[in-house]
Structures are given as C-alpha cells and as structure tokens.
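Numbering (numbering that gives the first Met the number 0), first residue to last: 0 to 312.
The beta-carbon is built from N, C-alpha and C at its ideal position, and this holds for glycine as well.
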Amino acid sequence: MLIWHRVPGPLSLRPPCPQAHSAYKVLEALIVHFSHDRGLLRQHLGIFTQTPDGADFQEIFEEHLNLLLLPADLEILPCFVVLGHDHRRYHYLLPAFFRLINWLIEEEWPHAVLIRSFGMDIPPVLGATADYLGNLHPTERICTNIPSNYRPPFRVNQLRRSDTEPRFRYYTREICLTKPKDIYESWSNEEGIVGVQDDFNFWHGHSYLETAAKPLWYDPKDTRVQHIFFDDNITLDEDKTNGIDLMCLDSSDGTEPEVKRNEQAFWEGVYFVQPDLLAAIRDPQYYIDKVKGCVQSLDAIQAMQMKNKDCDP
C-alpha cells in the first residue's frame with residue numbers, strides 16, 4: 000500500500016525538504032523489480048491523479064495532457080501516438096524533441112543523438128524518429144538537408160556494468176569496448192541517431208544507487224566535444240538513488256575516471272539536465288534552449304580555465 004502525502008507548496012523538481020520523497024520513487028521501489036516492470040510503473044503513474052494521493056494534481060495534469068492531444072481527424076502514423084485512458088490520441092514523443100533534432104541539423108553542428116534507456120522503449124523511439132526524419136509527422140516538419148548518417152536503420156548498442164574488471168562492456172556491431180575513455184571517445188565520434196541500452200539489472204541489483212546507474216563521463220578539458228545528458232531521474236538531493244553515475248575523465252594524463260561526488264551540482268546545466276517535463280510540454284523550444292545554455296556554461300568555464308592557466312607562473 001502506498002503511504003505518501005503531498006508536501007504543501009508549489010511543484011518542484013527537487014525535494015522541497017530533506018525528508019521528502021517523490022511519489023515516483025515510492026512507487027518505483029514497490030513495483031519495479033525487473034526491466035519490464037517499468038511499463039507497470041508507467042501504468043500506475045498514469046492514474047496517479049485519479050487516486051486520493053494525486054487528486055491535488057489533477058487540474059495541472061489535465062492542462063498539460065490537453066497540450067499533447069492530437070486532433071481527432073488528423074491522419075497520423077501509430078508510431079507517433081499513445082492512446083490515453085480516454086481513448087483519445089496523444090503525442091508519443093514531445094514536439095520539443097523533434098524540434099531539437101531539426102535545429103541541430105539546421106545549425107549544421109557536428110553532433111549525435113544517443114537514445115539511452117534502462118527499459119524497452121528504444122526500438123519504438125527510434126522507429127518514431129526514423130519516420131519523423133522521413134517527413135511523415137503531420138505536425139512536426141523536418142528540414143530538407145538531412146545528413147546521410149541520419150538514415151535508418153539505427154543501431155542499438157549495449158552497455159553493461161560489473162563489480163569486477165572490466166567494470167564496463169560497451170557492445171557495438173563491430174567491437175566491445177571496456178575502457179571508460181574509449182567508450183567516451185566512441186560516443187564523441189558518433190554521428191546521427193544511436194540507441195544505447197543501459198544495464199537495468201545492475202542498477203536494480205545495487206538498490207538503484209547512483210554508482211550503479213547510467214554512466215556519464217565528462218572531461219572539462221575536452222574543447223572538441225560536449226556531452227549533454229537529459230534524464231528526468233536525476234535526484235542529487237535524495238538518498239543516492241540517482242539515475243546517472245557522473246564520472247570525470249582527465250584528458251591531460253589519461254587516468255581512469257575519478258568519481259567526484261561533491262562536484263555533481265556544479266556540472267548540472269553543463270553536462271546534464273533534469274528536464275522540467277511540464278515546461279517541455281508547454282514550450283517546443285525547451286530542449287533547444289537547454290542545449291544552448293549548457294554550451295554557453297561550458298564555454299564560460301573553459302574560458303576561465305584558460306585564463307587561470309595563462310596567469311600561472
């Protein structure tokens with residue numbers, strides 16, 4: 000039985016007080032024991048506002064749900080649709096996601112989009128993205144100058160974790176990479192759309208601790224490539240059950256990654272973003288603006304690093 004009560008105050012991404020836990024986290028602990036259980040978790044969350052615990056959020060939920068509603072007479076492929084409990088059709092992927100892809104292509108930035116997931120949703124996301132790039136979405140248009148590396152079929156690689164060496168195994172079609180720096184460089188050299196299946200069983204087997212979650216390597220001295228990770232399961236202020244495992248790579252000496260827990264908050268808005276999903280529903284430019292902000296923040300940090308280096312005796 001779920002025992003959870005709302006903390007008074009406005010909605011917030013982070014706990015409003017140290018003792019607070021989200022309903023999501025409580026339900027996750029009760030329901031999710033295997034990767035496929037995350038579908039059951041989504042079902043429970045889908046009716047949360049119809050329960051006594053979630054009734055206070057019903058108005059906000061309906062407001063944003065209506066923003067995702069597709070016109071009843073619109074001809075649209077099933078891959079772009081999720082059917083609601085009311086049997087009406089809604090956007091499966093946020094328009095803001097498609098706008099980001101279109102913007103990246105139009106800006107002609109060298110880039111890749113890695114779709115990472117613990118669950119089973121990579122194939123349908125890649126399928127919908129492929130049809131979007133084929134200009135089959137009725138409301139979200141794609142530019143005409145699509146690079147050849149954006150053509151499906153898209154690859155799905157596997158990232159596995161272990162408590163013994165090698166701690167990481169990244170399986171692609173061609174090779175298995177085991178060194179964090181090699182995996183980082185592999186991602187840095189990607190182009191187009193790539194799926195990455197993360198290791199849910201390892202994360203679950205370690206009680207959802209951040210040290211067993213999706214690894215996110217970053218190198219503040221890397222001026223060539225910036226990795227920006229979006230994940231709604233980022234909980235820096237909670238009990239270490241984080242969806243990402245942030246690790247630092249130092250390109251100057253080639254050392255193995257060093258975990259710097261006390262620096263996590265500093266790199267938020269630079270290498271990772273916990274998206275405000277309500278804001279992303281309201282604003283189709285949301286992800287574009289967040290990427291721009293992350294790039295500007297890293298530029299400022301690296302400019303300061305260079306200035307300090309020039310001032311060293």
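Inspect the beta-carbon positions of residue 274 and residue 244 and report whether they are closer than 7 Å.
No, these two residues do not count as a Cβ contact at 7 Å.
For residue 115, which residues in the same chain have their Cβ closer than 7 Å to its Cβ, ignoring the five residues on either side in sequence?
So the qualifying residues of the chain are 195, 197 and 213.
Considering only the beta carbon of each residue, do residue 166 and residue 159 sit closer than 7 Å?
Cβ distance not < 7 Å, so residue 166 and residue 159 don't count as in contact.
Whole alpha helix (DSSP H) runs in the region 109 to 187 with 4 or more residues, listed along the chain?
Runs of the alpha helix (DSSP H) inside the region 109 to 187: 121 to 132 and 179 to 187.
Could you give the DSSP three-state label for residue 290: helix, strand or coil?
Looking at residue 290 - three-state DSSP - the assignment turns out to be helix.
Distance check for residue 53 and residue 3, CA to CA, integer angstroms please.
When rounded, the distance between both Cα atoms is 10 Å.
Measure the C-alpha to C-alpha separation of residue 202 and residue 72 and round it to an integer number of angstroms.
The alpha-carbon atoms of residue 202 and residue 72 are separated by roughly 43 Å.
Could you check if residue 215 is buried or exposed, using at least 16 other CB atoms within 10 Å of its CB as the buried criterion?
So residue 215 counts as buried.
Rounded to whole angstroms, how far is the Cβ of residue 297 from the Cβ of residue 269, which I believe are closer than 8 Å?
At roughly 5 Å, the Cβ-Cβ gap stays under 8 Å, so residue 297 and residue 269 are in contact.
Go ahead and label residue 113 buried or exposed: buried means 16 or more other beta carbons lie within 10 angstroms of its beta carbon, across all protein chains shown.
Exposed is the call here.
Going along the chain, which residues of its own chain have a beta-carbon closer than 6 Å to the beta-carbon of residue 125, five neighbours each way excluded?
So the qualifying residues of the chain are 153 and 194.
Beta-carbon separation of residue 139 and residue 109 under 7 Å?
Contact: no.
In angstroms, rounded to a whole number, what distance separates the CA positions of residue 277 and residue 262?
Near 27 Å, if we compare the C-alpha coordinates of residue 262 and residue 277.
List the endpoints of the continuous alpha helix (DSSP H) containing residue 89.
Premise fails: residue 89 lies in the beta strand (DSSP E), 88 to 90, not in any alpha helix (DSSP H).
According to DSSP, residue 229 sits in a beta bridge with which residue or residues?
In the DSSP output, where bridge partners are listed per residue, residue 229 has 272.
Along the chain, where does the alpha helix (DSSP H) containing residue 38 start, and where does it finish?
Note, residue 38: alpha helix (DSSP H), 36 to 45.
So, are the CB atoms of residue 176 and residue 185 less than 7 Å apart?
For residue 176 and residue 185, yes; Cβs fall inside 7 Å.
I'd like the span of the beta strand (DSSP E) that includes residue 80, first residue to last.
Taken as a continuous stretch (DSSP letters only), the beta strand (DSSP E) holding residue 80 covers 80 to 82.
Quick check: what's the CA-CA separation for residue 74 versus residue 249?
The alpha-carbon atoms of residue 74 and residue 249 are separated by roughly 51 Å.
What is the DSSP secondary structure of residue 31, counted as helix, strand or coil?
If DSSP states are grouped into helix, strand and coil, residue 31 belongs with coil.
Please identify the residue among 63, 100, 69 and 9 whose C-alpha is closest to the C-alpha of residue 142.
Of 63, 100, 69 and 9, the residue nearest in Cα terms is 100.
Since residue 111 and residue 189 are thought to touch, with beta carbons under 8 Å apart, how far apart are those beta carbons, to the nearest angstrom?
Contact holds; Cβ gap of about 4 Å.
Cα separation between residue 314 and residue 264?
With the chain running from 0 to 312 in the structure shown, residue 314 is simply not present.
On the DSSP letters alone, give me the boundaries of the beta strand (DSSP E) that residue 284 sits inside.
No beta strand (DSSP E) holds residue 284; DSSP gives it neither H nor E.
Taking the beta strand (DSSP E) that residue 245 falls in, what are its first and last residues?
243 to 247 is the extent of the beta strand (DSSP E) around residue 245.
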